[in-house]
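Below: the structure, in structure tokens.
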Amino acid sequence: TSCEALVSSYLERIEARNDAVNAFLTVDRDGALNHARYLDSQLERGNDRPLAGLVLGVKDMIAIKNQALTCGSRMLEDFTSLYDAHVIEQLREAGAIFVGKTNCDEFGMGSSNETSYFGPVQHPEHEDYVPGGSSGGSAAAVADGMCHAALGTDTGGSVRQPAAFCGVVGLKPTYGRVSRYGLVSYASSFDTIGPMGRSVEDVALLLNALAGPDTRDATSAEVQVPDYTRALGRSVEGVRIGLPEEYFAEGLDPDIRRMIEAQVEQLRDQGAEVQSVSLPHTEYGIATYYVLATAEASSNLSRYDGVRYGHRADLETMQAAIKEEHEALHEQLGTAQSNGDAERVAQLQDQLDTQSDLLRALYVQSRTEGFGDEVKRRIMLGTYALSAGHYDKYYEKAQRVRTLIRHDFLQAFEDVDVLLTPATPTPAFQRGEKTADPLQMYLSDVYTVPANLAGVPGLSVPIGTHPDAPHLPVGAQLLAAPFDEAGLLHVGDALM
Ligand code: GLN
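Be aware that the sequence shown starts at 18, since it is given in full-length UniProt numbering, and climbs by one per residue.
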């Protein structure tokens with residue numbers, strides 16, 4: 018089939034399904050068809066490319082030139098990117114076609130794709146369930162057949178967790194394996210871009226094009242890129258597989274545990290050597306992650322000030338806000354004066370001087386309107402953790418624990434090649450089930466967050482559906498030493 022015919026069939030599927038699923042925020046119909054025709058003409062001349070005709074969805078945190086780049090936020094509702102991300106350049110060169118930008122939690126903050134300004138994404142198999150997050154649009158689009166594969170981003174699990182919930186394969190590469198140039202920053206020392214597809218092979222093919230150094234990302238690594246497809250279809254005889262005991266403790270759904278154990282048996286039968294290992298600092302993963310990721314987020318998101326780009330409140334709203342605050346402060350000042358509270362009077366007078374500042378109102382009002390509740394929660398948490406008097410207690414301590422967690426992994430990889438764990442403690446949950454309790458939401462990342470803290474690669478592979486709910490897929494997670502994506506793909510291929 019021609020690339021044009023392929024693109025047309027995906028566009029048809031998007032047309033039929035996207036109103037319900039809400040996986041795509043924008044669809045680049047003409048761009049995708051034009052590029053497909055161009056590739057077809059190239060193919061006719063014998064100019065083949067490794068990914069020719071691979072139709073991709075791209076999470077709307079990754080820049081494609083002249084296309085909207087919203088990050089699922091009102092803040093960037095009208096923002097258009099001026100350039101291509103490194104990964105987009107690489108994939109286009111390899112023959113991939115971008116069919117549209119996929120929905121996500123606002124700025125990648127969430128585990129259920131319910132924080133997007135553009136509405137939640139629906140689980141492709143059940144309208145009341147979430148697809149996971151934050152790359153929920155990418156996972157749902159692939160699972161529902163709206164594109165062949167997709168790009169997601171993974172800061173604390175956002176590729177692997179939605180992949181597990183939707184029954185697709187998702188890879189979070191080693192930090193530094195794939196350039197972040199053109200990825201909107203959430204927590205820069207955790208952020209990674211990863212491929213999502215229906216098979217381990219698709220993910221390996223995509224990683225071939227994605228991986229490699231880039232001078233525009235100072236944290237990208239000068240490490241040789243192997244042909245990842247060579248890891249596939251090989252026996253796991255003699256491969257040492259570790260089961261981290263902390264990942265099979267309290268909180269794990271018993272059916273998911275049994276499904277993982279069945280995979281372990283199967284790997285043993287194929288000649289793998291399985292042993293139990295310990296990652297003793299696992300219990301601090303969530304706390305450490307949410308201190309550090311929010312700290313970095315509060316700093317990264319300070320760039321949205323309503324001045325240079327992004328949402329800007331209108332002048333009348335700002336003036337009205339200033340007036341209202343002014344009146345309130347005046348009233349308080351009157352009370353303080355009649356109480357003879359000199360300290361409070363001075364404080365309020367100080368506030369009155371700055372409150373009437375239009376520039377300050379521009380910042381406050383634009384950010385108040387542009388950001389959703391979860392983003393504001395993260396900014397407040399992060400600002401608190403970084404503030405004088407709290408810095409040592411939270412930020413600095415969390416950095417130390419991060420080192421211990423990385424150490425746990427490096428230690429474990431002295432004894433085993435790959436770790437096998439559940440990808441998530443439960444299968445997909447219902448929409449609204451965890452929105453009232455952020456802590457419950459954060460706990461759905463308990464098995465994915467440590468890899469981001471340590472910078473190691475992780476792969477989520479579907480291993481069947483949940484016995485109590487046949488529409489809900491279950492995923493296993495594989496973790497490996499830094500830059501051993503090939504080892505993950507090797508074992509992942511044996512699981513499926
Ligand atoms: N759910 C996690 C968070 O909200 C992870 C998000 C991600 O990986 N982008 O931070």
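A virtual CB, placed ideally from N, CA and C, is assigned to each residue, including glycine.
I believe residue i touches residue j by the beta-carbon criterion, under 8 Å. Please report the beta-carbon distance rounded to the nearest angstrom.
i: Pro455; j: Ala486; result: Wrong, their Cβ atoms sit about 25 Å apart, outside the cutoff.
i: Asp374; j: Gly259; result: Actually they are not in contact, since the Cβ atoms of Asp374 and Gly259 sit about 58 Å apart, beyond 8 Å.
i: Val215; j: Glu502; result: As written in the sequence, residue 215 is Arg, which differs from the Val given in the question. Contact doesn't hold; Cβ gap of about 18 Å is too wide.
i: Phe446; j: Val147; result: 6 Å
i: Val75; j: Ser196; result: At roughly 15 Å, the Cβ-Cβ gap does not stay under 8 Å, so Val75 and Ser196 are not in contact.
i: residue 535; j: Pro439; result: Shown here, the chain extends from 18 to 513; a query on residue 535 therefore has no answer.
i: Ala279; j: Gly173; result: Incorrect: roughly 28 Å between the Cβ atoms, too far for contact.
Is residue i near ligand 1, judged by its Cβ being under 7 Å from some heavy atom?
i: Ser151; result: yes
i: Asp390; result: no
i: Ile171; result: Here the sequence assigns Asp to residue 171, which means Ile is not the residue at that position. Checking the Cβ of Asp171 against ligand 1 gives yes.
i: Asp462; result: yes
i: Tyr203; result: yes
i: Ser175; result: yes
i: Gly399; result: no
i: Met126; result: yes
i: Ala181; result: no
i: Glu266; result: The question names Glu, but residue 266 in the sequence shown is Ala. No.
i: Ala167; result: no
i: Ala279; result: no
i: Ala310; result: yes
What do you get for residue i, buried or exposed, if any count of 16 or more other CB atoms within 10 angstroms of its CB means buried?
i: Val308; result: buried
i: His347; result: exposed
i: His356; result: It is worth fixing the name first, because residue 356 is Asn in this sequence and not His. The residue in question, Asn356, is exposed, as its Cβ has fewer than 16 Cβ neighbours within 10 Å.
i: Asp161; result: buried
i: Thr236; result: exposed
i: residue 558; result: Lying before the first or after the last residue shown, residue 558 is absent from the chain, which here runs from 18 to 513.
i: Pro484; result: exposed
i: Arg247; result: exposed
i: Leu99; result: exposed
i: Gln428; result: exposed
i: Val324; result: exposed
i: Lys340; result: exposed
i: Ala345; result: exposed
i: Leu470; result: buried
i: Gly89; result: buried
i: Ala468; result: buried
i: Asp434; result: buried
Whole angstroms is fine: what's the gap from residue i's alpha carbon to residue j's?
i: Asp358; j: Glu263; result: 56 Å
i: Val281; j: Val291; result: 8 Å
i: Phe135; j: Asn64; result: 40 Å
i: residue 572; j: Phe41; result: Coverage of the chain is limited to positions 18 through 513, which leaves residue 572 absent and any answer about it impossible.
i: Pro474; j: Val466; result: 11 Å
i: Asp497; j: Gly504; result: The sequence given here has Ala at residue 497, not Asp. Going by the C-alpha atoms only, they are around 7 Å apart.
i: Ala314; j: Val392; result: 9 Å
i: Ser404; j: Ser316; result: 12 Å
i: Cys20; j: Asp234; result: 32 Å
i: Gln283; j: Thr305; result: 35 Å
i: Gln241; j: Thr452; result: 43 Å
i: Gly149; j: Leu168; result: 15 Å
i: Ser202; j: His407; result: 24 Å
i: residue 4; j: His328; result: There is simply no residue 4 to check, as the chain begins at 18 and stops at 513 in what is shown.
i: Val24; j: Gln107; result: 20 Å
i: Glu142; j: Leu86; result: 28 Å
i: Phe124; j: Asp322; result: 15 Å
i: Arg361; j: Leu398; result: 27 Å
i: Pro261; j: Ala493; result: 13 Å
i: Ile303; j: Asp462; result: 7 Å
i: Ser152; j: Gln366; result: 47 Å
i: Ser206; j: Tyr326; result: 24 Å
i: Tyr411; j: Leu512; result: 40 Å
i: Ser156; j: Leu350; result: For the record, residue 156 in the displayed sequence is Ala; it is not Ser. Going by the C-alpha atoms only, they are around 54 Å apart.
i: Ser477; j: Leu495; result: 7 Å
i: Tyr459; j: Leu249; result: 34 Å
i: Asp101; j: Ala289; result: 42 Å
i: Gln416; j: Ala69; result: 43 Å
i: Ala402; j: Ala312; result: 6 Å
Exercise. Does the stretch 107-123 come within contact of the stretch 37-48, defined as at least 3 CB pairs closer than 8 Å?
Worked result: yes
Exercise. Counting Cβ pairs, one atom from each stretch, are 3 or more of them under 8 Å apart for the stretch 222-236 and the stretch 267-280?
Worked result: At 8 Å Cβ cutoff, the stretches do not touch.
Exercise. Is there contact here, the stretch 376-387 with the stretch 88-99, by at least three beta-carbon pairs under 8 Å?
Worked result: yes
Exercise. For the 8 Å Cβ check, are there 3 or more pairs between the stretch 28-39 and the stretch 157-176?
Worked result: yes
Exercise. Does the pairing of the stretch 297-307 with the stretch 182-192 give three or more beta-carbon distances under 8 Å?
Worked result: no
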